[in-house]
Every structure is written in C-alpha cells, then in structure tokens.
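Here the working numbering = 1-based position in the sequence shown + 2.
Quick reminder that beta carbons are idealized off the backbone N, C-alpha and C, glycines included.
Since this is a predicted model, take the numbers as computed values, not measurements.
Everything on this sheet refers to the single structure shown next.
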Amino acid sequence: MVSATVGRGAVLGAVALSLLAVPARATTTEPDARAAAVPRAALPAPDTAGLAAALRSAVDRGAPGALARIDDQGRTYEATWGVADLSTGRAISADDRFRVGSVTKTFSAVVLLQLADERRLALDAPVNRYLPKLLPDDRITVRQVLSHRSGLYDYTDDLFADSVSGFEAVRNKVFTYRQLVALSLKKPRTNEPGAAYSYSNTNFVVAGMLIEKLTGHSVRTEYEDRIFRPLQLRDTFYVHPETGIPGRYARGYLTPGKAGEPLVDATEQTVSWAQSAGAIISSARDLDTFYSALLGGKLLSSARLEEMERFTRVDTTTSYGLGLRRRDLSCGVSVYGHTGVVQGYSTYAFASKDGSRSLTAMADTSNDRKAADALSGALDAAFCGKAGKARRTAKG
3 MVSATVGRGA
13 VLGAVALSLL
23 AVPARATTTE
33 PDARAAAVPR
43 AALPAPDTAG
53 LAAALRSAVD
63 RGAPGALARI
73 DDQGRTYEAT
83 WGVADLSTGR
93 AISADDRFRV
103 GSVTKTFSAV
113 VLLQLADERR
123 LALDAPVNRY
133 LPKLLPDDRI
143 TVRQVLSHRS
153 GLYDYTDDLF
163 ADSVSGFEAV
173 RNKVFTYRQL
183 VALSLKKPRT
193 NEPGAAYSYS
203 NTNFVVAGML
213 IEKLTGHSVR
223 TEYEDRIFRP
233 LQLRDTFYVH
243 PETGIPGRYA
253 RGYLTPGKAG
263 EPLVDATEQT
273 VSWAQSAGAI
283 ISSARDLDTF
293 YSALLGGKLL
303 SSARLEEMER
313 FTRVDTTTSY
323 GLGLRRRDLS
333 CGVSVYGHTG
343 VVQGYSTYAF
353 ASKDGSRSLT
363 AMADTSNDRK
373 AADALSGALD
383 AAFCGKAGKA
393 RRTAKG
C-alpha cells in the first residue's frame, strides 16, 4: 500500500494495488559538479505506483517484506509489501526499525569530518599519526580510508565465504577493533595507497578507532551527541554489543547459499564483526531525516561537505566520496547516500543534491541479489517519477 500525507495529518491520496504483497576499481577522483545537478524544481513527482511495484518485486523475488518512505519538503509517501515476521505473519510497517548495515559508514564519516571541521583531524594525514603503528604503511591517509582507497583487505570476505556458517560463527561474538584490523592484515593489500578504489569494511573499522582515539569517547557516544540527538532521530541506535533491536522492528532473514534451504532468522546478533562499519539500527523516517540534513548542509561546513563529495568513479552508475555514494539514475538525476547490507536486511538510503527529497527503502532479507536489485527500482520511482518506468519494466 502507498499513501501520501502533508505534515503529520491530512491525507492527500492513496493508491492501493489489488495484489498483496568483484570489487569495482577506479584510479581517479573528481569533485562533484554542482552546476550539473538537476535543479530542485526539475524533479518530477514521485511515481507511487512504481514505488509499490519495486517493493512487490523484491517480495516476489524472495524477501519476506519490503518498505519505503519518501520525504519531500513536508510531503511524505510510504509504501509497504509483505511481512515483518514470518512466524506471526505481521505485516511490515513503514515505521519498523531495522539494521542499516553499511549506511552506518556515512554516520562514521560525518563524525570524522566534524572533527576535521574542529581542526582535530587532518584528512591527508597518515592514519598512523593518530593510531601509531596500527597500519603497516605510513602512507595510508584518513582520506584514503574514508574513500576506500587505502588498499586494506576486507576481512569480511573470509568471515562470510559461507554465508550461513560464517554468520552463525560470529552471531554472538564480540570483537575488538584491533582484532578486526588484524584479520585484514593477515592478507596482502589490494593496491598501493591511493592507487585504486576497493571497498573494504576494514576502512571503517579504522574510522571507528580514529573517532574513539580523537574524542576519548565511544562511537556510540559520538553518534548520539553529534547526530542522533541533534536531529532528533528517535528510532536510531547503536547498541553494540547487545543483540536485540529496541521497540518495534522488522525481523531480518538471511538467504542461504544453497537453493531450497529455508531462510535463517538473523535478527538477533551483535554485529560486532562490523561495528562502526555497519552496526547502526534505524528507520526509514530517521534515515530520510539524516540524509536530508547532511545534503542540506546542516551537519558539516560547506568545505567539509565538498570534500565528502569528491567522488571516485566505481562503475557506470555509481561513484564513491568520503563515506558517501553518488548514484546516477536512468533519468539523469544523481542521488547521494549509501546502500547497506547486513545479515537479514538490505537498504537503500539516498537524497537529492540539496537534500530536499529523500528515500529509504528496505527489504528484510540479505544475500539475495535478485531481491536487492528489485528494491533499487524504488530510487527511480522516487526521483525520476514516471520517467523511470521504462527502466524498471525492462529489468522485470
């Protein structure tokens, strides 16, 4: 079901459907071309039917449920399909909380960039200046860590080579940051510092270590004091190493690697293997608020936001800045945010260039490429309107 409201009260309209419901590489960076961004007035109205269709497709392809929310200057569109809990059959709600996975990386990057604004951190300084002897190469800089250009091996490639057994081995385990970095350093680096983009969770484990060393506080305290409370994110938490999700939430289901095997309920876990790289819990409303505030210039100085938006091309449609993705949609609009995958959940959270329109979409499953690809259709529906319909139809 899809609904649209202004503020918190008046219903503008509703659409009900009859059916129920290898790391990329690049070697150059580019400043984001603000002049080329589509002006706010040029954004078409969201395609609410297309939004619902994207969620339905994710469910048809294996997700138990999916949800989405668009915030557009006081107007809100919400869509849901399927269930939040397979055992009870409870329908998923757009208000449900969930694990956001690597969307956490943007939160971590914001904290470090705020510290740069406070002159407590230099982005082009070696990580080892702040964390002596942590890394084997003094050339690896903070900027390279935040842009996945450090060359540090992603230890999660080994942890989850077998998705289910790998997950069960770490579900209740608590790691230290240094243990996770040590797992990475057992393997050769993927490239020389700064030479290429290579996505690695290790980078944002290092980011968490930097936050704690520079502030003398836990990442949880810094997230809360710098982002959660100022933006009044009532559904957003960092509970590591606790295993539960506070309040009302969608359960998350891990798709086994072998066809025909049942989904694994992965809801309760420490997410200690990720921490500052992927352990935040949130909701669609809160993620929309976060990215709107970030892109709207409410969390960083204009200089730091420009640094965040110096992008490395990853593939034909995506680029990576400092803890921030840019995605170029089928209609020519570029959106900014992050994707997130953690056992049981797949998330897309993006906003327009000026933050005036934001979308969060989530499917309560992971390790299911078909469902995640279907969910990406919510981006076109949210920012391209009906102009994105041809692409979504072509992708099935």
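Quiz item: Residues in its own chain within less than 7 Å of G246 by CB, not counting five upstream and five downstream?
Solution: The residue labelled residue 246 in the question sits at position 244 within the sequence shown. So the list reads E270, once near-sequence residues are dropped.
Quiz item: Under 8 Å between the Cβ atoms of S200 and G153?
Solution: On the sequence shown, position 198 is the one that residue 200 refers to. On the sequence shown, position 151 is the one that residue 153 refers to. Taking 8 Å as the Cβ cut-off, S200 and G153 qualify as a contacting pair.
Quiz item: For P138 versus L185, is the C-beta distance shorter than 8 Å?
Solution: As a working note, residue 138 is residue 136 in the sequence shown. As a working note, residue 185 is residue 183 in the sequence shown. The answer is no: Cβ separation not under 8 Å.
Exercise. Mind the definition here: the segment 350-362 touches the segment 168-175 only if three or more C-beta pairs lie below 8 Å; say whether that holds.
Key: no
Self-check item: Bridge partner(s) assigned by DSSP for D267
Solution: Taking the sequence shown and counting its residues from 1, one reaches residue 267 at position 265. DSSP lists Y255 as partners of D267.
Self-check item: Straight-line Cα distance separating G91 from F313
Solution: Your numbering for residue 313 matches position 311 in the sequence shown. Your numbering for residue 91 matches position 89 in the sequence shown. The alpha-carbon atoms of F313 and G91 are separated by roughly 43 Å.
Quiz item: Residues in its own chain within less than 8 Å of I282 by CB, not counting five upstream and five downstream?
Solution: Along the sequence shown, one-based indexing puts residue 282 at 280. Correct list, in chain order: R101, V102, V105, T106, F109, Y225, T238, F239 and Y240.
Quiz prompt | Residue span of the beta strand (DSSP E) that contains A81, given as start and end | solution = The residue you call residue 81 lines up with position 79 of the sequence shown. Taken as a continuous stretch (DSSP letters only), the beta strand (DSSP E) holding A81 covers R77 to G84.
Quiz item: When DSSP builds the beta bridges, which residues end up paired with A93?
Solution: Counting from one through the sequence shown, the residue named residue 93 turns up at place 91. Bridge partners of A93: V85.
Quiz item: What are the boundary residues of the alpha helix (DSSP H) that includes D227?
Solution: For the purposes of this step, residue 227 is taken as residue 225 along the sequence shown, with counting starting at 1. Taken as a continuous stretch (DSSP letters only), D227 belongs to no alpha helix (DSSP H), as it is neither H nor E.
Quiz item: Cβ of G254 within 8 Å of Cβ of S165?
Solution: For the purposes of this step, residue 254 is taken as the residue at position 252 of the sequence shown. For the purposes of this step, residue 165 is taken as the residue at position 163 of the sequence shown. No, they are not a contact pair.
Self-check item: beta strand (DSSP E) segment containing V343, residue limits
Solution: On the sequence shown, position 341 is the one that residue 343 refers to. Run containing V343: S336 to V344, per the beta strand (DSSP E) assignment.
Quiz item: Exposed or buried, which one is E80 when buried takes at least 16 other CB atoms within 10 Å?
Solution: What you label residue 80 is simply residue 78 of the sequence shown in a count that begins at 1. By the neighbour-count rule (16 or more Cβ atoms within 10 Å), E80 is buried.
Quiz item: Tell me the DSSP bridge mates of L361?
Solution: Counted from its first residue, the sequence shown places residue 361 at position 359. DSSP, once it has assigned bridges, lists I72 and F352 as partnering L361.
Quiz item: How is G210 classed by DSSP in three states: helix, strand or coil?
Solution: Residue numbering aside, residue 210 sits at position 208 when the sequence shown is read from its first letter. Reduced to three states, the DSSP call for G210 is helix.
Quiz item: What whole-angstrom Cβ distance do V208 and H242 have, given they're in contact under 8 Å?
Solution: Mapped onto the sequence shown, residue 208 falls at position 206. Mapped onto the sequence shown, residue 242 falls at position 240. The pair is not a contact, with the Cβ atoms about 17 Å apart (cut-off 8 Å).
Exercise. Going by DSSP, name the residue or residues bridged to I142.
Key: Along the sequence shown, read from residue 1 onward, the residue named residue 142 stands at position 140. Answer is none; I142 lacks a bridge partner.
Quiz prompt | Euclidean distance between Cα positions of A111 and K300 | solution = For this step, residue 111 is matched to residue 109 along the sequence shown. For this step, residue 300 is matched to residue 298 along the sequence shown. Approximately 15 Å, taken between the alpha carbons.
Quiz item: Under a three-way DSSP split, which group does D317 fall into?
Solution: Position 315 of the sequence shown, counting from 1, holds the residue named residue 317. Note: D317 maps to coil in three-state DSSP.
Self-check item: For L117, the nearest candidate out of S368, S303 and L265 (CA to CA)
Solution: On the sequence shown, position 115 is the one that residue 117 refers to. Of the candidates S368, S303 and L265, the one whose C-alpha sits nearest the C-alpha of L117 is S303.
Quiz item: What are the start and end residues of the alpha helix (DSSP H) that includes D288?
Solution: Taking the first residue of the sequence shown as 1, we reach residue 288 at position 286. Run containing D288: A286 to L297, per the alpha helix (DSSP H) assignment.
Practice problem: Would you grab the beta carbon distance between G84 and G64 for me? Rounded to a whole angstrom, and I think it's under 8 Å. | Solution: Taking the sequence shown and counting its residues from 1, the one referred to as residue 84 is at position 82. Taking the sequence shown and counting its residues from 1, the one referred to as residue 64 is at position 62. Actually they are not in contact, since the Cβ atoms of G84 and G64 sit about 10 Å apart, beyond 8 Å.
Quiz item: Between which two residues does the beta strand (DSSP E) carrying R327 extend?
Solution: Counted from its first residue, the sequence shown places residue 327 at position 325. Start and end: R327 to D330.
Self-check item: Residue of Y347, R359 and G52 minimising C-alpha distance to G339
Solution: Walking along the sequence shown from the start, residue 339 turns up at place 337. The residue with the shortest Cα to Cα distance from G339 is R359.
Quiz item: Can we say the segment 360-371 touches the segment 322-336, given the rule of at least three CB pairs closer than 8 Å?
Solution: no
Practice problem: Would you kindly work out how many angstroms separate the C-alpha atoms of V387 and R141, rounded to a whole number? | Solution: Position 385 of the sequence shown, counted from the first residue, corresponds to residue 387. Position 139 of the sequence shown, counted from the first residue, corresponds to residue 141. Reading off the sequence shown, one finds Gly at residue 387, where the question assumed Val. Roughly 45 Å between the two C-alpha positions.
Quiz item: T170 lies in the alpha helix (DSSP H); which residues open and close that run?
Solution: Working through the sequence shown from its first residue, we reach residue 170 at position 168. As written in the sequence, residue 170 is Glu, which differs from the Thr given in the question. Taken as a continuous stretch (DSSP letters only), the alpha helix (DSSP H) holding E170 covers S165 to V172.
Exercise. With V102 as the anchor, note down where its alpha helix (DSSP H) starts and where it stops.
Key: Residue mapping note: residue 102 aligns to position 100 of the sequence shown, counting from 1. Neither: V102 is in no alpha helix (DSSP H) and is coded neither H nor E.
Quiz item: According to DSSP, is F109 helix, strand or coil?
Solution: The count along the sequence shown starts at 1 and reaches residue 109 at position 107. Residue state, collapsed to three classes: helix.
Exercise. With a threshold of 7 Å, establish whether the CB of Y347 neighbours any heavy atom of the ligand FAD.
Key: In the structure on display, the ligand FAD does not appear, and there are no ligands present to speak of.
Quiz item: The alpha helix (DSSP H) spanning F385 covers which residue range?
Solution: As a working note, residue 385 is residue 383 in the sequence shown. G379 to F385 is the span of the alpha helix (DSSP H), which, as asked, contains F385.
Quiz prompt | Residue environment, S89, which counts as buried when at least 16 other CB atoms sit within 10 Å | solution = If you number the sequence shown from 1, residue 89 lands on position 87. It counts as exposed.
Practice problem: Look at Q345 and S368 and say whether their C-beta atoms are less than 8 Å apart. | Solution: Here the question's residue 345 lines up with position 343 in the sequence shown. Here the question's residue 368 lines up with position 366 in the sequence shown. In this structure, S368 lies closer than 8 Å to Q345 by Cβ.
Practice problem: Take L233 as the anchor and find which of W275, V144 and D290 has the nearest alpha-carbon. | Solution: For the purposes of this step, residue 233 is taken as the residue at position 231 of the sequence shown. Closest option to L233, Cα to Cα, is D290.
Exercise. Answer with yes or no whether the minimum CB distance from S186 to chain B is below 8 Å.
Key: Of the protein chains in the structure, only one exists, and it is not chain B.
Quiz prompt | Beta-carbon proximity list for V221, same chain, < 8 Å, skipping 5 on both sides | solution = Here the question's residue 221 lines up with position 219 in the sequence shown. Closer than 8 Å at Cβ, skipping near neighbours: S110, V113, G210, I213, E214, Y240, Q277 and S278.
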